[in-house]
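Undergrad:
Protein chains: 2
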Amino acid sequence: MRKRATAKEVAEAAGVSKWTVIRAFTPGASIADASRQKVLRAAETLNYSPNLLARSLATNTTHQVAVFVDDFANPHKLPVLETLTERLQAEGLLTVLININRHFDHVHALINADQRQFDAVILFGTAFREETLGDRRLGRGFPPMFVLARDSQIPGVPAIACDAEIALSEIVDYLFDKGYRRPGFMAGARTLSTALGRRHHYANFWRRKGVEGVTELAAERYSALAGAESARTYLNATSPGSRIDVLMCENDILALGAMDVARREFGLGVPQDLAVVGFDNIELGGAPAYELTSYEQPTDEMINAMVAMITGKRDAEMVVMRGRLVPRSSA
Amino acid sequence: MRKRATAKEVAEAAGVSKWTVIRAFTPGASIADASRQKVLRAAETLNYSPNLLARSLATNTTHQVAVFVDDFANPHKLPVLETLTERLQAEGLLTVLININRHFDHVHALINADQRQFDAVILFGTAFREETLGDRRLGRGFPPMFVLARDSQIPGVPAIACDAEIALSEIVDYLFDKGYRRPGFMAGARTLSTALGRRHHYANFWRRKGVEGVTELAAERYSALAGAESARTYLNATSPGSRIDVLMCENDILALGAMDVARREFGLGVPQDLAVVGFDNIELGGAPAYELTSYEQPTDEMINAMVAMITGKRDAEMVVMRGRLVPRSSA
DNA sequence: ACCCCTATTGCACCCGGTAGCAAGCTCGAC
DNA sequence: GTCGAGCTTGCTACCGGGTGCAATAGGGGT
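Sequence order for the protein chains is W and U.
Numbering-wise, our numbering comes out as the position in the first sequence, counting from 1, plus 14.
Numbering-wise, our numbering comes out as the position in the second sequence, counting from 1, plus 14.
Quick look at the structure:
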């Protein structure tokens, strides 16, 4: 397996210096048309194209952005990743997808991101403890970080998220108008839950409506199975008369799991016996089999804003955007 | 924003040469314990860690692997990406997720992968024309390519896939035993369809059972909506008596869309009036609302095999693995 | 005290580009 | 024919580390 051709080789073939070769590949560089043609012909036959690694080293920009993800169970990630990669690629940036798990935690990944000189690091809805980002090994020269789709108050780490307060206010208004009065809330993994702030606002807005005490269900993880398990536990432990009449789940995946259990295992009608609401508006929730009422984050706008910050077209600062309630028959 | 510390700076701080610093960070290098300690202490205070970009340039390995994906509508991609990133990271390799779309096609992405010196390129179920990979600009020094989860006969580009022939034979056996005799097949995007070979084998095995003529439905893309649309068109165009009794869809997503339409819009019972089979065994298919009969690819084994090839622990060669039928109530 | 062996350290050169300066060349104006 | 402006081109220095060899130092044996 032969190695790639280098600028020097092309230079020899074209009978010019390597700097002239490089100019031929630098848009806007000062080079005579004749020599550019000569170089391009030589490059063509030698099959040359510039080595971006070397360029990155010299220019100190890699045009690569790291995206941390720790929750692959939520199908919502996929369309967002699609938009994100597409928008980044449109700006000439590639996406390095980093799986945060117990073998490869945030600190590990951040140090790696630092060593690889990524142009930016995006924490896409990952559950991290705030101290982590304060690690003293980060700092000077560390790539700018952004938190996408969750809240974060860390100075210097702007969060781009959906306004949870408005969202929950809209949801509670909607549910209250529909006549529900015994609300429940299913939260996922504890660390992230607080960061999302959904539970907090949910309880608050019910209180303002004069409804005290939101019943809390807890799911181990953010997955349909965990949602199902949590709902099963709750329904088994309560008698039909004493149950909540509407269950808001921290995301759609939990909601779908809960809905399946309510309908199939307990024979409950949705929404007559138990209404269900989710969050994220995943494609599946809209399927006729579920018709899940949900709340859609303005992911495209969020991504656009963040990419603009990464490319420097916009000042990096915290942004909260307004989402949209998607009422369907489940509540 | 100060720049990162370099080996030279650490060297000055520790009173040694930069090569000694580098040795302190090179496992197995010949260095006295005393100087290593000195260096590590200096590195600690200066907050130094090696620049992997520079290292990559010098060693000619980036420890980055590109993964091409062009179909973000299929939720099946997500768990596979999870496993893939995790396995690669366990080997010290990061994953560059490249979104192949009409603004950024295979050729574009391949040239980019070449310029960035990735250690390998994985075409994860993407629809490409074989000629593309024969582009003469690729070749010498180009990172090794692998095709994951689809078939490919390109010399030098090993495919790691599920054995479609065995899979379809198992599926047809199962359906035949269940008594179905009027099979239909819904294919997705034309380019990929042929590569998957599912339609071909499906028709073949029915023929061997003495059943000629598989009714073909075509979906525009691989998405639930496209599957729904295709099923709707077919059901509208046929009278109840003349319809197929089992519909095999090229993947689960199409199947779920088709199932929704059959049940909700045409009031058909599944499987009584129309049985449905998918492929991939996505999590949602197992939900009580669908109970979709499907076929599971041995994705973990496929990934393990591929990663072993990438790391050189195993010879790169085409591999087909046997999957597993997952019978549920939809057929 | 001397010699030799080996662990350790320093060095020149290289990876493949980029930046900015200065020399060389071309061409038009006078 | 001469001169200077401006376009071209080459060169030095540098990005931050890696490789292989040569030089040095320390220790053991005698």
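We put the beta carbon where it would ideally sit given N, CA and C, even for glycine.
The structure displayed is predicted, hence computed values, not measured ones.
Identify each residue in the region 98–114 of chain U for which the Cβ-Cβ distance to at least one residue of chain W is less than 7 Å, and report them in chain order.
TA: Here the close residues are Thr99, Glu100, Gln103, Ala104, Leu108, Thr109, Val110, Leu111, Ile112, Asn113.
Undergrad: Quick one: is Glu243 of chain U near chain W, going by C-beta distance under 8 Å?
TA: It does not: the Cβ of Glu243 of chain U has no partner Cβ on chain W nearer than 8 Å.
Undergrad: Cβ of Leu172 of chain U within 8 Å of Cβ of Met335 of chain U?
TA: Note that residue 172 of chain U is Pro in the sequence shown, not Leu. For Pro172 of chain U and Met335 of chain U, no; Cβs fall outside 8 Å.
Undergrad: Should Gly170 of chain U be labelled buried (16 or more other beta-carbon atoms within 10 Å of its own) or exposed?
TA: Burial call: exposed.
Undergrad: Pull the bridge partners of Thr20 of chain W from the DSSP assignment, please.
TA: According to DSSP, Thr20 of chain W bridges with nothing at all.
Undergrad: Going by the beta-carbon positions, is the gap between Gln129 of chain W and Ser166 of chain U smaller than 8 Å?
TA: Going by C-beta atoms, Gln129 of chain W is not nearer than 8 Å to Ser166 of chain U.
Undergrad: Mind listing the chain W neighbours of Glu297 of chain U? Cutoff is C-beta to C-beta under 7 Å, in chain order.
TA: Here the neighbours are Ala238.
Undergrad: Under three-state DSSP, which class holds Phe219 of chain U?
TA: Here Phe219 of chain U sits in helix by DSSP.
Undergrad: Using a Cβ cut-off of 8 Å (strictly closer), state whether Arg278 of chain W contacts chain U.
TA: Chain U, which has a Cβ nearer than 8 Å to the Cβ of Arg278 of chain W, makes this yes.
Undergrad: Rounded to whole angstroms, how far is the Cβ of Leu162 of chain U from the Cβ of Gly139 of chain U, which I believe are closer than 8 Å?
TA: Between Gly139 of chain U and Leu162 of chain U the Cβ distance is about 7 Å, and since that is below 8 Å, they are a contact.
Undergrad: Residues of chain U with a CB under 7 Å from the CB of Lys91 of chain W: which are they?
TA: The answer, in chain order, is Leu92.
Undergrad: How is the beta strand (DSSP E) around Met200 of chain U delimited, first residue to last?
TA: From DSSP, the beta strand (DSSP E) with Met200 of chain U extends over 197–201.
Undergrad: Pick helix, strand or coil for Arg338 of chain U, following the three-state DSSP scheme.
TA: Note: Arg338 of chain U maps to strand in three-state DSSP.
Undergrad: Establish whether the CB of Arg246 of chain U and some CB of chain W are separated by less than 8 Å.
TA: No, Arg246 of chain U lies away from the interface with chain W (no Cβ there is under 8 Å from its Cβ).
Undergrad: Our contact map puts Val290 of chain U next to Leu261 of chain U with C-beta atoms below 8 Å; I'd like the distance itself, whole angstroms only.
TA: The Cβ separation is near 5 Å, so the contact holds.
Undergrad: If distances are taken between C-alpha atoms only, which option among U:His120, U:Phe132, U:Leu124, U:Thr99 comes closest to His117 of chain W?
TA: His117 of chain W has its Cα closest to that of U:Thr99, out of U:His120, U:Phe132, U:Leu124, U:Thr99.
Undergrad: Interface residues of chain U around Thr76 of chain W at Cβ under 8 Å?
TA: Here the neighbours are Leu67.
Undergrad: Tell me the rounded alpha-carbon separation between Arg143 of chain U and Phe82 of chain U.
TA: Near 14 Å, if we compare the C-alpha coordinates of Phe82 of chain U and Arg143 of chain U.
Undergrad: Any C-beta of chain W within less than 8 Å: which residues of the region 298–314 of chain U qualify?
TA: Within the region 298–314 of chain U, the qualifying residues are Leu298, Ala301, Pro302, Ala303, Tyr304.
Undergrad: For the region 89–107 of chain W and the region 101–109 of chain U, state whether three or more C-beta atom pairs, one from each stretch, are separated by less than 8 Å.
TA: With the cut-off at 8 Å, the region 89–107 of chain W and the region 101–109 of chain U do not touch.
Undergrad: What residues in the region 195–224 of chain U bring their beta carbon closer than 7 Å to a beta carbon of chain W?
TA: Under the 7 Å Cβ criterion, the region 195–224 of chain U contributes no residue.
Undergrad: Chain W beta carbons: is any one of them nearer than 8 Å to that of Ile125 of chain U?
TA: Yes, its Cβ sits closer than 8 Å to a Cβ of chain W.
Undergrad: Glu279 of chain W by DSSP, collapsed to three states: which one?
TA: Helix, per DSSP.
Undergrad: What residue range is occupied by the uninterrupted alpha helix (DSSP H) comprising Met332 of chain U?
TA: Run containing Met332 of chain U: none; DSSP gives neither H nor E here.
Undergrad: For Asp119 of chain U, which residues in chain W fall below 9 Å Cβ to Cβ?
TA: In chain order: nothing, as chain W lies at least about 11 Å away.
Undergrad: In the DSSP assignment, the alpha helix (DSSP H) including Leu92 of chain U goes from what residue to what residue?
TA: First-last of the alpha helix (DSSP H) with Leu92 of chain U: 91–104.
Undergrad: Compute the beta-carbon to beta-carbon distance between Ser44 of chain W and Thr34 of chain W, rounded to the nearest angstrom, for a pair I have assumed lies under 8 Å.
TA: Actually they are not in contact, since the Cβ atoms of Ser44 of chain W and Thr34 of chain W sit about 10 Å apart, beyond 8 Å.
Undergrad: What three-state label does DSSP hand Ala245 of chain U in the structure shown?
TA: Ala245 of chain U: helix per DSSP, three-state reduction.
Undergrad: Roughly how many whole angstroms lie between the Cα atoms of Ala203 of chain W and Arg55 of chain W?
TA: Ala203 of chain W and Arg55 of chain W: Cα-Cα distance of roughly 59 Å.
Undergrad: Which residues in the same chain as Leu288 of chain U place their Cβ atom closer than 8 Å to its Cβ, once the five residues preceding and following it in sequence are excluded?
TA: Answer for Leu288 of chain U: Arg257, Ile258, Asp259, Val260, Leu261, Ala276, Leu282, listed in chain order.
Undergrad: Strictly below 8 Å CB to CB, what residues from chain U border Glu96 of chain W?
TA: Neighbours of Glu96 of chain W on chain U, chain order: Phe86, Asn113.
Undergrad: Between Leu155 of chain U and chain W, is any beta-carbon pair separated by less than 8 Å?
TA: One detail in the question is off: residue 155 of chain U reads as Gly in this sequence, not Leu. Yes, its Cβ sits closer than 8 Å to a Cβ of chain W.
Undergrad: Would you kindly work out how many angstroms separate the C-alpha atoms of Thr76 of chain W and Leu71 of chain U, rounded to a whole number?
TA: Rounded to the nearest angstrom, the two C-alpha atoms are 13 Å apart.
Undergrad: Provide the residue span of the beta strand (DSSP E) that contains Glu310 of chain U, from first to last.
TA: Unbroken beta strand (DSSP E) run through Glu310 of chain U: 308–310.
Undergrad: Given that Leu270 of chain U touches chain W, what residues does it touch there, using C-beta distances under 9 Å?
TA: By Cβ distance, chain W contributes Leu298, Ala301, Ala303.
Undergrad: Using a Cβ-Cβ cutoff of less than 6 Å, which residues in the same chain neighbour Gln78 of chain W once the five nearest sequence positions on both sides are dropped?
TA: Hits under 6 Å: Leu108, Val110, Phe132.
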